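Put into structure tokens, the structure is as follows:
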């Protein structure tokens, strides 16, 4: 039974039960959640304490005979310590696994970023190379234009044609004369 059930059976509050356990240093079992667990021998023991308190005996003079011996308490402490160590080692193992997973993720992210940066750098290098070739071509064309003589007449693609009406008059006049 738990603390509240024992307290109602004995006729005191659960806080009183907890105070008696602490004051008289009574060894009690605990469950996996750390709550006290009592049985019938504990009930009779706490009834003895209640009866002595009702008689007006001061706490310091109350004669108690705990139902459990120190060996049992020590065995419980050893078991509790072992279970705590097992839980602690499991937690440490999980923390180490999490740290490894985090390190792996971080290295993957860094590797991906490095590859991405490398691609960007390669693209920029290609652009720079194309721009350099374009600049060289422009410089060569500029040099060739400077080397060509400007003395010659400017050649147009097609000869200039006179308007059509003027040509018709000219052809008509040529027939007459």
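Numbering (the numbering used here), first residue to last: 1 to 177.
Just so it is clear, CB atoms sit at the ideal spot from N, CA and C, and this is done for glycine as well.
As the structure is a computational prediction, the values presented were derived from the model and not from experiment.
- For residue 21, the uninterrupted alpha helix (DSSP H) run begins and ends at 14-23, by DSSP.
- Three or more Cβ pairs closer than 8 Å define a contact, and the stretch 81-100 falls short of that threshold against the stretch 44-52.
- Here residue 46 carries a helix assignment [DSSP, helix/strand/coil].
- Where residue 9 is concerned, the enclosing alpha helix (DSSP H) starts and stops at 3-10.
- The C-alpha of residue 93 lies about 42 Å from the C-alpha of residue 121.
- For residue 99, same chain residues with a beta-carbon under 8 Å away, outside a window of 5 residues either side, do not exist.
- For residue 36, the three-state secondary structure derived from DSSP is strand.
- Scanning the stretch 93-134 from its first residue to its last, no whole alpha helix (DSSP H) run of 4-plus residues comes out.
- Taking every protein chain shown into account, the CB of residue 57 has fewer than 16 other CB atoms within 10 angstroms, so this residue is exposed.
- Less than 9 Å separates the beta-carbon of residue 24 from that of residue 64.
- For residue 83, the closest alpha carbon among the candidates 19, 33, 144, 138 is that of 33.
- Using a 10 angstroms sphere on the CB of residue 39, the tally of other CB atoms stays under 16, which defines it as exposed.
- In this structure residue 7 is in contact with residue 17, their Cβ atoms being roughly 5 Å apart against a cut-off of 8 Å.
- If you draw a straight line from the Cα of residue 148 to the Cα of residue 137, it is about 17 Å long.
- By the neighbour-count definition (other C-beta atoms within 10 Å, threshold 16), residue 130 is an exposed residue.
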